[in-house]
Each structure stands twice: as structure tokens, then as C-alpha cells.
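In the numbering used here, the protein residues as written are 9 to 120.
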Amino acid sequence: ELKESSPDEQNNILLDYFKSKMGGLLGMTASQIDVEQPLTTMGLDSLMAVELRNLVQRELGFDIPIEKIIEGISISQIVSLVIEQLLLEQISYSDTSQTEETTDEEMEEITL
């Protein structure tokens, strides 16, 4: 669902996702989470940072450096990192697809 969404939809989906997950980790409701506030000022400690990183890797397949989380990244900054990784994945996939298509076309020319 995330990969097929527009950039604005991706942003909203991810903001809701991280607000929900952080609310669970911090014992707050999603509506209490300020997406611009550094997570460390909301009570995130190093153990929770590791939990968050592992959760994102497991559920979304993206890597957020633990150092960034501990340094005081906000949810909106995490969302930006994930969207950036999504874009890089799409560009990489697009390049691979074009290379495969070119190779197929070249093979057709060779066999003719």
C-alpha cells in the first residue's frame, strides 16, 4: 500500500503509523504525540530506540540508524528518511527494469 501511494499519502500513512507506534512505546495516545518534537524529549530512551529501529526494520523493511534516533530525531524526520529510502528503492528498481528491457531488446536484435 505504501509503495503505491502518492508522496502526500505516504507522508500521512507514515505519520499515523509512527504516532501510533511511538504512543505504544511511550505509553501515550497517538494524539498526544507531537511529530515535530524530538523523541528523546518525549521520554524515548536507548532501549526504546532499539525497539523502534527493530520494529521499523521488521514491519517496513527500512533501516533507521540508531544514532539518529538517540540524537533526538522527530517523527517527521523519521518519515522523511523512510520516504527518501522509498524513493531510492523506486529509482533503483526503475533503473534495473530499464536495463532488463534494454537487454531483452538487444537480444532480439542479435537473434534476428
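C-beta atoms are modelled at their ideal positions from N, C-alpha and C, and glycine is treated no differently.
An exposed status is given to I99, since fewer than 16 other beta-carbon atoms sit within 10 Å of its beta-carbon. In the structure shown, S100 adopts helical secondary structure according to DSSP, grouped into three states. Distances from the alpha-carbon of I83 to those of S28, S13, D16, Q65 put S28 closest. V90 places its beta carbon less than 7 Å from that of F70.
Going by beta carbons, L60 and V43 fall outside the 7 Å limit.
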